[in-house]
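Numbering (my numbering), first residue to last: 218 to 389. One structure is given here, and the rest of the page talks about it.
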(Lines of atoms letter the chains of each structure in order from A and count residues from 1; the text may use other names and numbers.)
(Lines give C-alpha, C1' and ligand atoms only; values in the text may rest on other atoms or scores of the structure.)
Protein backbone atom coordinates (compact mmCIF):
# COMPACT_ATOMS: atom_id res chain seq x y z
CA UNK A 1 0.00 0.00 0.00
CA UNK A 2 3.05 2.25 0.15
CA UNK A 3 2.55 3.50 -3.40
CA UNK A 4 -1.25 3.76 -3.20
CA UNK A 5 -3.47 6.70 -2.35
CA UNK A 6 -5.48 6.48 0.85
CA UNK A 7 -8.62 5.52 -1.12
CA UNK A 8 -6.75 2.83 -3.09
CA UNK A 9 -5.23 1.46 0.14
CA UNK A 10 -8.65 1.42 1.82
CA UNK A 11 -10.15 -0.56 -1.07
CA UNK A 12 -7.18 -2.95 -1.14
CA UNK A 13 -7.11 -3.50 2.63
CA UNK A 14 -10.85 -4.08 2.97
CA UNK A 15 -10.66 -6.90 0.44
CA UNK A 16 -7.42 -8.60 1.40
CA UNK A 17 -6.65 -8.18 5.09
CA UNK A 18 -8.09 -10.43 7.78
CA UNK A 19 -9.73 -8.09 10.21
CA UNK A 20 -11.04 -10.64 12.67
CA UNK A 21 -11.01 -9.32 16.20
CA UNK A 22 -9.31 -11.67 18.65
CA UNK A 23 -10.57 -9.99 21.80
CA UNK A 24 -13.46 -11.90 23.34
CA UNK A 25 -13.75 -10.30 26.74
CA UNK A 26 -12.71 -7.36 28.88
CA UNK A 27 -12.29 -8.06 32.61
CA UNK A 28 -12.08 -5.02 34.85
CA UNK A 29 -10.81 -5.72 38.36
CA UNK A 30 -10.79 -3.77 41.58
CA UNK A 31 -9.96 -5.36 44.92
CA UNK A 32 -12.21 -8.43 45.14
CA UNK A 33 -14.66 -7.27 42.45
CA UNK A 34 -14.74 -8.12 38.76
CA UNK A 35 -16.81 -6.80 35.90
CA UNK A 36 -16.90 -8.74 32.62
CA UNK A 37 -17.86 -7.36 29.23
CA UNK A 38 -17.97 -9.36 26.02
CA UNK A 39 -16.88 -8.12 22.61
CA UNK A 40 -20.47 -7.38 21.54
CA UNK A 41 -21.12 -5.23 24.60
CA UNK A 42 -17.98 -3.20 23.90
CA UNK A 43 -18.88 -2.94 20.21
CA UNK A 44 -15.36 -3.52 18.97
CA UNK A 45 -14.89 -3.02 15.27
CA UNK A 46 -12.15 -2.48 12.72
CA UNK A 47 -11.81 0.92 11.12
CA UNK A 48 -10.50 0.11 7.64
CA UNK A 49 -10.29 3.79 6.75
CA UNK A 50 -8.09 4.40 9.80
CA UNK A 51 -5.88 1.46 8.82
CA UNK A 52 -5.53 2.85 5.31
CA UNK A 53 -4.59 6.29 6.62
CA UNK A 54 -2.06 4.79 9.06
CA UNK A 55 -0.54 2.68 6.28
CA UNK A 56 -0.38 5.68 3.96
CA UNK A 57 1.28 7.84 6.64
CA UNK A 58 3.87 5.16 7.47
CA UNK A 59 7.16 6.40 6.09
CA UNK A 60 5.64 9.67 4.91
CA UNK A 61 5.39 11.47 8.22
CA UNK A 62 7.96 12.23 10.89
CA UNK A 63 11.50 13.39 10.43
CA UNK A 64 14.10 12.05 7.99
CA UNK A 65 15.53 9.66 10.60
CA UNK A 66 12.09 8.18 11.36
CA UNK A 67 11.31 7.79 7.66
CA UNK A 68 14.68 6.08 7.09
CA UNK A 69 14.01 3.67 9.98
CA UNK A 70 10.65 2.73 8.46
CA UNK A 71 12.23 2.23 5.03
CA UNK A 72 14.99 -0.02 6.44
CA UNK A 73 12.46 -2.01 8.49
CA UNK A 74 10.34 -2.71 5.44
CA UNK A 75 13.32 -3.45 3.18
CA UNK A 76 14.57 -6.03 5.69
CA UNK A 77 11.32 -7.96 5.29
CA UNK A 78 9.91 -7.02 8.68
CA UNK A 79 6.36 -5.82 8.96
CA UNK A 80 4.96 -2.80 10.68
CA UNK A 81 1.78 -3.58 12.59
CA UNK A 82 -1.04 -1.18 11.96
CA UNK A 83 -3.83 -1.80 14.41
CA UNK A 84 -7.15 -0.29 13.49
CA UNK A 85 -9.32 -1.96 16.10
CA UNK A 86 -11.46 0.62 17.79
CA UNK A 87 -14.38 0.83 20.14
CA UNK A 88 -17.15 1.75 17.73
CA UNK A 89 -19.57 2.99 20.36
CA UNK A 90 -17.54 4.92 22.92
CA UNK A 91 -20.67 5.37 25.05
CA UNK A 92 -20.81 1.61 25.74
CA UNK A 93 -17.44 1.55 27.50
CA UNK A 94 -17.91 4.98 29.07
CA UNK A 95 -21.29 3.96 30.52
CA UNK A 96 -19.83 0.71 31.85
CA UNK A 97 -16.99 2.62 33.52
CA UNK A 98 -19.45 5.17 34.93
CA UNK A 99 -21.38 2.35 36.59
CA UNK A 100 -18.18 0.98 38.09
CA UNK A 101 -17.23 4.46 39.29
CA UNK A 102 -20.53 4.69 41.19
CA UNK A 103 -19.71 1.42 42.94
CA UNK A 104 -16.12 2.11 43.96
CA UNK A 105 -15.87 5.85 44.55
CA UNK A 106 -15.81 6.92 48.18
CA UNK A 107 -16.35 10.53 49.21
CA UNK A 108 -13.71 12.11 51.38
CA UNK A 109 -14.71 13.19 54.87
CA UNK A 110 -13.36 16.33 56.42
CA UNK A 111 -12.55 16.46 60.12
CA UNK A 112 -15.07 18.32 62.22
CA UNK A 113 -15.37 19.68 65.72
CA UNK A 114 -18.60 20.48 67.48
CA UNK A 115 -19.25 21.65 70.96
CA UNK A 116 -22.17 22.09 73.27
CA UNK A 117 -22.57 23.18 76.82
CA UNK A 118 -23.37 20.68 79.50
CA UNK A 119 -23.70 22.10 82.99
CA UNK A 120 -22.07 25.36 81.86
CA UNK A 121 -19.04 23.46 80.59
CA UNK A 122 -18.22 23.17 76.88
CA UNK A 123 -18.02 19.60 75.61
CA UNK A 124 -16.11 19.10 72.37
CA UNK A 125 -16.72 16.25 69.94
CA UNK A 126 -14.16 15.54 67.24
CA UNK A 127 -14.69 13.59 64.03
CA UNK A 128 -11.58 12.42 62.21
CA UNK A 129 -11.06 12.94 58.51
CA UNK A 130 -10.86 10.13 55.99
CA UNK A 131 -9.51 10.04 52.46
CA UNK A 132 -11.78 9.13 49.61
CA UNK A 133 -11.13 7.56 46.23
CA UNK A 134 -12.24 8.34 42.71
CA UNK A 135 -11.99 6.50 39.40
CA UNK A 136 -10.58 8.75 36.67
CA UNK A 137 -13.00 7.86 33.86
CA UNK A 138 -10.98 9.41 31.04
CA UNK A 139 -7.75 7.67 32.09
CA UNK A 140 -9.49 4.28 32.42
CA UNK A 141 -11.20 4.75 29.05
CA UNK A 142 -7.90 5.68 27.39
CA UNK A 143 -6.00 2.79 29.01
CA UNK A 144 -8.62 0.25 27.92
CA UNK A 145 -8.75 1.72 24.41
CA UNK A 146 -4.99 1.15 24.16
CA UNK A 147 -5.25 -2.41 25.52
CA UNK A 148 -7.88 -3.26 22.88
CA UNK A 149 -5.23 -2.68 20.21
CA UNK A 150 -3.09 -5.50 21.66
CA UNK A 151 -5.58 -8.02 20.30
CA UNK A 152 -5.44 -10.49 23.18
CA UNK A 153 -8.40 -12.80 23.75
CA UNK A 154 -9.00 -11.59 27.28
CA UNK A 155 -8.09 -8.06 28.27
CA UNK A 156 -7.56 -7.59 32.00
CA UNK A 157 -7.56 -4.10 33.41
CA UNK A 158 -7.01 -3.36 37.09
CA UNK A 159 -8.51 -0.13 38.33
CA UNK A 160 -6.27 2.11 40.42
CA UNK A 161 -8.48 4.93 41.70
CA UNK A 162 -7.09 8.31 42.66
CA UNK A 163 -6.87 9.10 46.37
CA UNK A 164 -8.95 12.15 47.30
CA UNK A 165 -7.46 13.79 50.37
CA UNK A 166 -9.71 15.61 52.84
CA UNK A 167 -9.51 19.39 52.89
CA UNK A 168 -9.74 19.67 56.68
CA UNK A 169 -7.69 17.43 58.95
CA UNK A 170 -8.01 17.06 62.70
CA UNK A 171 -4.38 18.05 63.11
CA UNK A 172 -5.18 21.41 61.52
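All C-beta atoms, glycine included, are put in the ideal place defined by N, C-alpha and C.
DSSP state of residue i mapped onto helix, strand, coil
i: residue 340; result: strand
i: residue 316; result: helix
i: residue 346; result: coil
i: residue 261; result: strand
i: residue 362; result: helix
i: residue 382; result: coil
i: residue 310; result: helix
Whether residue i touches residue j by CB criterion (8 angstroms)
i: residue 351; j: residue 381; result: yes
i: residue 240; j: residue 369; result: yes
i: residue 353; j: residue 379; result: yes
i: residue 325; j: residue 349; result: yes
i: residue 371; j: residue 364; result: no
i: residue 341; j: residue 245; result: no
i: residue 310; j: residue 358; result: yes
Expected contact under 8 angstroms - CB spacing of residue i and residue j to nearest Å
i: residue 328; j: residue 385; result: 5 angstroms
Which residues DSSP lists as bridging residue i, in chain order
i: residue 334; result: 339
i: residue 389; result: According to DSSP, which records beta bridges pairwise, residue 389 is partnered with nothing at all.
i: residue 329; result: 344
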